[in-house]
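Numbering-wise, my numbering puts 13 at position 11 of the sequence shown, and it's gapless, one number per residue.
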Amino acid sequence: MDQYYVMGNPVEHSRSPWIHARFAALTGHTLQYGKRLAPLDGFARTVADMRAEGCLGCNVTVPFKFEAFQLAQVQTPRARLAGASNLLHFRPDGIHADNTDGVGLVNDICGNAGVALAGRDVLLLGAGGAAAGVLGPLIEAKVGHITVANRTLDKARSLVVSHAALALQHGVTLESAALATVQRPYDVVVNATASSLSGADVPVSPQVLKPGALALDMMYGPAAAGFMDWARTHGAVPRDGLGMLVEQAAEAFAQWRGVRPPSPQVLAELRATLG
Ligand code: ATR
Numbered sequence: 003m004d005q006y007y008v009m010g011n012p013v014e015h016s017r018s019p020w021i022h023a024r025f026a027a028l029t030g031h032t033l034q035y036g037k038r039l040a041p042l043d044g045f046a047r048t049v050a051d052m053r054a055e056g057c058l059g060c061n062v063t064v065p066f067k068f069e070a071f072q073l074a075q076v077q078t079p080r081a082r083l084a085g086a087s088n089l090l091h092f093r094p095d096g097i098h099a100d101n102t103d104g105v106g107l108v109n110d111i112c113g114n115a116g117v118a119l120a121g122r123d124v125l126l127l128g129a130g131g132a133a134a135g136v137l138g139p140l141i142e143a144k145v146g147h148i149t150v151a152n153r154t155l156d157k158a159r160s161l162v163v164s165h166a167a168l169a170l171q172h173g174v175t176l177e178s179a180a181l182a183t184v185q186r187p188y189d190v191v192v193n194a195t196a197s198s199l200s201g202a203d204v205p206v207s208p209q210v211l212k213p214g215a216l217a218l219d220m221m222y223g224p225a226a227a228g229f230m231d232w233a234r235t236h237g238a239v240p241r242d243g244l245g246m247l248v249e250q251a252a253e254a255f256a257q258w259r260g261v262r263p264p265s266p267q268v269l270a271e272l273r274a275t276l277g
């Protein structure tokens with residue numbers, strides 16, 4: 003049977019096997035999708051093992067997205083822009099790396115949340131791997147403007163420099179800022195920082211939220227709760243990262259299986275399962 007995995011460390015918490023099992027059932031595909039724990043110093047070895055076993059591809063999660071990108075022989079332009087990969091295809095000519103996190107975010111915002119991105123003013127909080135993965139697709143969605151705001155300004159600057167040509171091509175204005183200096187209101191605020199993981203407060207002024215703005219945290223469950231409460235309290239529409247998770251998986255499934263799964267249905271089922 004066709005075999006796929008999600009690999010990470012830790013990986014036990016991953017919802018990806020459940021999501022892909024539902025995609026397979028709803029599209030009539032027969033496949034196996036499992037969890038694969040890779041030792042922190044054993045990513046390449048684990049990939050080699052999977053290929054030797056005949057596995058067709060895998061999703062990659064923390065902390066291996068950068069290593070996955072570097073291991074691949076072929077990289078899509080969006081993976082190159084992110085410098086990271088969450089999706090590997092094992093093909094006869096080698097390992098191909100893609101990054102579907104950004105398209106997952108854009109499809110969740112435009113499709114599931116019903117918020118049009120074209121021409122909108124977007125604030126992206128953070129400049130680490132999570133932010134790098136979504137900046138390119140946000141630009142390609144032809145938003146009007148993006149401010150990349152980070153605690154460490156230099157990292158935001160680097161992201162803006164590496165995406166400047168793409169932004170120019172799509173007519174999007176792009177700027178970097180230190181988190182503490184961002185005060186004006188935005189239509190859409192995306193939290194790609196890891197601040198909530200350490201229990202820190204939302205690292206930006208609530209003035210960044212226009213009334214009714216979409217405020218999306220790329221995490222879900224308890225990790226997203228603080229940001230979502232903050233957004234709700236300040237008049238924004240909160241959203242967690244569960245839809246992004248399902249949509250990045252849908253893009254992977256579509257590439258692997260040649261059919262687009264009914265992701266809104268699977269997102270609704272997942273929310274019901276998680277209560
Ligand atoms: P990931 O792959 O999840 O993006 P990362 O590459 O380590 O992880 O990036 C973490 C991001 O969260 C960074 O933008 C980091 O800011 P710095 O670049 O200044 O380190 C941000 N971050 C983490 N904790 C934070 C906090 N308490 N307040 C604000 N930003 C924080």
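The beta carbon of each residue, even a glycine, is placed where N, CA and C say it ideally should be. Here the structure is a predicted model, which means the values were calculated and not measured.
Contact test: residue i Cβ vs the ligand ATR heavy atom, cutoff 6 Å
i, result
"ASN291", "Only positions 3 to 277 of the chain appear in this structure, which leaves residue 291 out of reach."
"PRO205", "yes"
"ASN109", "no"
"GLY228", "no"
"ARG153", "yes"
"THR149", "no"
"GLY130", "yes"
"SER197", "yes"
"LYS157", "yes"
"ALA202", "yes"
Selection from the options that minimises the alpha carbon distance to residue i
i, options, result
"ARG47", "GLY36, LEU73, ALA27, LYS144", "LEU73"
"ARG159", "ALA129, ALA182, ARG186, GLU249", "ALA129"
"ASP242", "THR183, ALA251, SER164, ALA227", "ALA227"
"GLN257", "ALA40, PRO65, ARG17, ASN61", "ASN61"
"PRO266", "GLY36, ILE111, PHE71", "ILE111"
"SER200", "PHE229, VAL184, ASP189", "PHE229"
"CYS57", "ALA118, VAL8, HIS31", "VAL8"
"VAL108", "VAL261, ALA270, LYS37, ALA252", "ALA252"
"LEU170", "ALA180, HIS147, ARG186", "HIS147"
"HIS172", "THR275, LEU137, GLY10", "LEU137"
"VAL268", "ALA180, MET3, ALA81, THR29", "THR29"
"ASP100", "PRO263, ALA254, ALA270", "ALA254"
"THR235", "GLY113, GLU177, ALA86, PRO213", "PRO213"
"LEU211", "LEU276, VAL191, PRO224, SER198", "VAL191"
"VAL162", "SER198, ALA84, LEU218, SER207", "ALA84"
"THR63", "GLU55, PHE25, PRO19, HIS31", "PRO19"
DSSP state of residue i mapped onto helix, strand, coil
i, result
"ASN109", "helix"
"HIS15", "coil"
"VAL8", "strand"
"ASP1", "Since the first residue of the chain shown is 3 and the last is 277, residue 1 is not available in this structure."
"GLY104", "helix"
"LYS67", "helix"
"ASP51", "helix"
Cβ-based burial, residue i [other Cβ within 10 Å; buried from 16]
i, result
"PRO41", "exposed"
"ASP43", "exposed"
"HIS15", "exposed"
"MET221", "buried"
"LYS67", "buried"
"GLY116", "exposed"
"LEU39", "exposed"
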